[in-house]
Each structure stands twice: as structure tokens, then as C-alpha cells.
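Chains as they are written, first to last, in my numbering: chain G, 3 to 205; chain V, 3 to 205.
There are 2 protein chains.
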Amino acid sequence: MLAAAIDLADEGGIEALSMRNLARRLEVGVMSLYYYVADKDEIIDGMVNRVVDEIDLPRPDREWRAEVRRSAVSAHRTLLRHPWAANLMFSAGEGPARLAYMEAVLGTLRRGGFSADIAHRAYHALDSHIIGFTLWEASIPFTSEELGDLAAAFLGNLPADRYPYLIEHIEQHLGESSDDSDRAFEFGLDLILDGLERMRTPA
Amino acid sequence: MLAAAIDLADEGGIEALSMRNLARRLEVGVMSLYYYVADKDEIIDGMVNRVVDEIDLPRPDREWRAEVRRSAVSAHRTLLRHPWAANLMFSAGEGPARLAYMEAVLGTLRRGGFSADIAHRAYHALDSHIIGFTLWEASIPFTSEELGDLAAAFLGNLPADRYPYLIEHIEQHLGESSDDSDRAFEFGLDLILDGLERMRTPA
DNA sequence: GGATCATATGGTACGCTGTACGAACTGTCA
DNA sequence: TGACAGTTCGTACAGCGTACCATATGATCC
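This is the structure we're talking about:
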């Protein structure tokens, strides 16, 4: 049931996930779903939990930076595979997978030589970047063709003399591959990691 | 009408904003709203535009870092005043206020001595942090009493030996004032700004 | 003054949503 | 065979956005 719900959301976005659609997909009556879950929110929580579970956790007893980086990159990729999940990350209740993720990242930071205070803030800085960046990516069309159309319409409406830098920015997006987009994610990530490294009190 | 819609969302969250509620608040018939807007999305776009318009823009011809920082802090505060807006930031269409904001920030970075490429990535790193962080803050209850209850329930269910670092993290949240939360935002922001400063090619 | 017209209002109805309630079916054990 | 727990789901209701259409209001012209 969670798998079917995730498929539905992956295919048609989160708004395609209605109890009626889900029941049809599973070939059962709508109300049968309510024998297994209390309400739709419980399904959403379960879906988010499954997605978070796909994220590679940092391995303990390794160099903190490489491991935190690896898990952040994995989180980014995972959320891109399920773009609806980024939006729900905060509104869904924290399931066991989320707890395990937080514990693993926090532990890696603490063992890497960060004070409780810095680890706390570092965690939020990393999470903010991962989710904020992925939300941005998820909001722009995937195929470069759609993107081209969109940007063309956009640029056509912009007075070039009033928005020179914005236009420059959009043109950069136009020439961007998905690899470039990954690198843009890692740019911000490394900015944060570099800064953290610098304020570390070695273990 | 946009003002009433924003009030409604500020008071009861975005789900309190229905066409019927809005019409009741304005003491008009529901369908009268459609004389002024094509659909509900147009209202949402307008609301987001108004919120973005509240953000202080970086002033041109000043030191880039202080100005970018000022505008990021202002964006953060503004989004906290309208927590529903953070979620809509990406899904809403880009209105004139957003364009002006992007142009101003990008311009400040470019004039501050960043290449087009770095400015591009810096912009997204900053935006990700602002929106990601604010979304997180918006998802936790505001009054410290509610927070205490929530955390107490949370900690009660957590096996202390399995989640030592997570528990440490939650306890830190418990002792946190809204000033601390502002400082946590600025922690991540300065991490990014420091990193940018370091890779700047002075103008 | 009466007719014409654009501007503005809103009632009714349709198809969608989540889900409360209660009826009905199925299989197991006494 | 009767009872009972486990499971299925049809019906109905309140809420949603909005298409369609009838009406009211006020200005303009003959």
C-alpha cells in the first residue's frame, strides 16, 4: 500500500495521491484503506519514512567530512527521485527513519570533534541546504525542452535593461545539465562543510 | 482582497484560505471574487508577491557582504511573519517582487566581484538556506509551552541509549529562545558568506 | 425619459476531496 | 450450527474550486 502510494506520487505528483486513486490502483474499495490506516496523514508519514530510509547514512568511525558529504549527496539524490517528498519533509511527523538519520548525522559530527552546540547548528545548516536546494530543483521542469520554452517566455517579457543580472542568471540555467545542477548542490554543500571544518576542535 | 487573504493565512495557516472563507471575510459572494482573479492560484501568486515585497533589498554601491546578509536576514524575518509563504515560494509563479529581489541580490554579488558563475551558485546557496531554514522553523510550534509538551512526548518514546545525540539535540531545542533561533539562522548564513568571501576575485 | 451597454455581483450546481457510520461478507473455532 | 473476530466497502456528508448563467447597478446616448 505504501509502495502503491509512492508510485502514484512519483508518477503524478502528490496531488495525484487521493484515497480514491489509491484504492483504484490497489483494486479495493476506498473505505477498505481505512482498516489499515487511521487517515491519509498516516499514509503520508509512512511514505516519507520510506523515502528517508533510502538515504545512505554516514558510516560511524570514518572521517566525518567525507561521510557527512556522502549522506548529504545521497539525501539530495533521493529527494530528487521523489520530488513530492521534499515538501513533506517538514510537515510529516518524524518517523523512525528520520530519527535514525538525525542520530547518525549528529553522531558523526559529534565524534568528528564538534561541540554539541556546533553540531546542532551544523545539522540544521546542512538540512536547510539539502531540502531548500532540492525544493528549488523540484520546482523547475525536468526536460530541458520545457525549460527552454519557459525561459524563452520569461526572457521575452523581461526588459533587458532593467534585469541584466537576472537575465544572465536565467541564461546560465538554460545551458545547465543535470550534472551541473548536482555540482551546484555540492557547491553550497562544500561551502558549509569548509566553514565547519574551520571551526572544528579536533577530537 | 490580497490583504484579507494574507490575514486569513497568517491567522489560520494556508488551509484556512478557501474561496468561501475569503468571501465571507470580505462580506461578498464567493463568485464575486472571480470577477477580479482568474482562479485561486492567481490569489496565491499575489500573496507571495506581497510577502516578497516586504523583504529589504540589498542597497547597491555598498559592501556586498553586509548588504547580502542584511537582505537574507530580512527575508528570513519576513518569511517567519508569514510562515505559509515559505512553502509557496517555489510553487508560486515568480512575480515582479521576486524578479526585483533576484536582480538586486545577483547585482550586489556581481558588483561585489563575483564571476557570473559563482554569483549564480551563491544565489542558490543563499536562497536554499533562507527557505530551507525557515521551513524548518515554521514546522515547529511557536510557543515554548507547546514545544515542551511535544518534546516531552518525544523524549519519552525514545530509548535513550539508542539515540544519545538526537536526545542531546532535542534538549538543545528545548532551551532555545527565538533569539537563539535567529542566531542559528545566521550561523548557516555566515558559513556561506565566509566561504563566498574566500573565493571572491576582488572587483 | 427610455434604451443600451459595460461593470459588477452572486446563486446554483458539478465533480472532486477526506472520512464517519454501519452493513455485509469471510473464515475459524466451539 | 452458531458465534465471533477479522476484513471489506457502499452510502452519505461537509468541504473544496469553479463553470455557467441570471441579475443588479450605474453611465451614456438618442
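Each residue gets a CB set at the ideal place from its N, CA and C atoms; glycine is no exception.
message: Less than 8 Å between the C-beta atoms of H131 (chain G) and S130 (chain V), yes or no?
response: Going by C-beta atoms, H131 (chain G) is nearer than 8 Å to S130 (chain V).
message: For the region 76-84 of chain V against the region 28-45 of chain V, do three or more pairs of beta-carbon atoms, one drawn from each stretch, fall closer than 8 Å, so that the two count as touching?
response: Segments in contact, no.
- prompt: When burial is assigned at 16 or more other CB atoms within 10 Å of the CB, is T136 (chain V) buried or exposed?
  reply: With 16 or more other Cβ atoms within 10 Å, it is buried.
field: Option nearest L4 (chain G) by Cα separation, candidates G:S180, G:N51, G:A68 and G:Y103
entry: Residue nearest to L4 (chain G) within the set G:S180, G:N51, G:A68 and G:Y103 is G:N51 (criterion: CA-CA distance).
message: To the nearest angstrom, how far is the alpha carbon of Y2 (chain G) from that of D63 (chain G)?
response: Outside the displayed range of chain G (3 to 205) lies residue 2 (chain G), so it cannot be described from this structure.
query: Can you tell me the Cα-Cα spacing of I169 (chain V) and A88 (chain G), whole angstroms?
result: Spanning the alpha carbons of I169 (chain V) and A88 (chain G) requires a straight line of approximately 24 Å.
- prompt: What does a CB cutoff of less than 6 Å around R100 (chain V) pick up in its chain, not counting 5 residues either side in sequence?
  reply: Once the five neighbours on either side are set aside, the close Cβ partners of R100 (chain V) are V54.
field: Spatial distance of I45 (chain V) from A7 (chain V) (CA atoms)
entry: Rounded to the nearest angstrom, the gap between the Cα atoms of I45 (chain V) and A7 (chain V) is 8 Å.
task: Go through its chain and collect everything with a Cβ distance to I133 (chain G)'s Cβ below 8 Å, but skip five positions before and after it.
output: L81, A88, M91 and F92, listed in sequence order.
message: Short of 9 Å Cβ to Cβ, which residues in the region 89-104 of chain G face chain V?
response: Listed by position, the residues of the region 89-104 of chain G near chain V (Cβ gap below 9 Å) are N89, M91, F92, S93, E96, L101, A102 and M104.
Proximity to L108 (chain V) [Cα-Cα], best of V:G97, V:G95 and V:H122: The shortest Cα separation from L108 (chain V) among V:G97, V:G95 and V:H122 belongs to V:H122.
- prompt: Less than 8 Å separating the beta-carbons of A127 (chain V) and F116 (chain G)?
  reply: No, the Cβ-Cβ distance between A127 (chain V) and F116 (chain G) is not below 8 Å.
- request: Using the Cα positions of G48 (chain G) and M21 (chain G), report the straight-line distance between them to the nearest angstrom.
  value: One C-alpha to the other measures close to 15 Å.
query: Looking at the structure shown, is V54 (chain V) part of a helix, part of a strand, or coil, going by DSSP?
result: In this structure, V54 (chain V) counts as helix in the three-state DSSP scheme.
task: Consult DSSP for T203 (chain G) and reduce its assignment to one of helix, strand or coil.
output: Reduced to three states, the DSSP call for T203 (chain G) is coil.
query: Can a CB atom of chain V be found closer than 8 Å to the CB of L118 (chain G)?
result: Correcting the residue type first, residue 118 (chain G) is Ala in the shown sequence and not Leu. It does: the Cβ of A118 (chain G) has a partner Cβ on chain V nearer than 8 Å.
task: Have a look at D196 (chain V) and I142 (chain G) and give me their C-alpha separation to the nearest angstrom.
output: Using only the alpha carbons, I get a separation of about 29 Å.
- prompt: Just how far apart, CA to CA, sit Y103 (chain G) and I120 (chain G)?
  reply: Between Y103 (chain G) and I120 (chain G), the alpha-carbon positions lie close to 18 Å from each other.
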